[in-house]
Amino acid sequence: MLLPVGDLDEAVDFYERAGFPVAYRLDEAGLAILRVGGETPGVLLRAEAGAGRRPPPWPAPRLWLEVPDARATAEALAGAGIPVLTEPFAGATGWTVEIADPWGNVIGFTDYTKRPELGRV
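Per full-length UniProt numbering, the very first residue in the sequence shown carries number 1; after that it's consecutive.
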């Protein structure tokens, strides 16, 4: 998934604190490629002129990723200085928490604690 960002260095810092290590950067192209789990590329950040700061739009596309425990992930995000959009909320399969980067891109972390047979983690 490619996410537009206004400042590549700031975006890399944000996503590293959120638990996405950088696989590699192509600064000349304005790209940073992040790992998601063992996957590379996982998420691509692309610096785009005019990508200003904005609150997350609703409705908007959201990238949800599976984690073992969304509530623990919410605590880890808060500890890294990343605010969550709402407190973790329950769904049919487990819990979910969402964050937004400074450019309004929304990432969700969801678990399958209520239906572990459906999860991959």
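All residues carry an ideal CB built from backbone N, CA and C; glycine is no exception.
Here Y15 is buried, its C-beta having at least 16 other C-beta atoms within 10 Å. Bridge pairing for G108: W64, E98 [DSSP].
In this structure the stretch 52-68 touches the stretch 92-106; the number of beta carbon pairs closer than 8 Å is three or more. Taking A76 as the centre and dropping the five residues before and after it, the same chain places the C-beta of G19 closer than 8 Å to its C-beta, in chain order.
Sixteen is the threshold: when 16 or more other Cβ atoms of the shown chains lie within 10 Å of the Cβ of F109, as they do, the residue is buried. Sequence-distant partners of L44 (beyond 5 residues in either direction) whose C-beta falls short of 8 Å from its own C-beta, in its chain, are M1, L2, L3, L31, A32, I33, L34.
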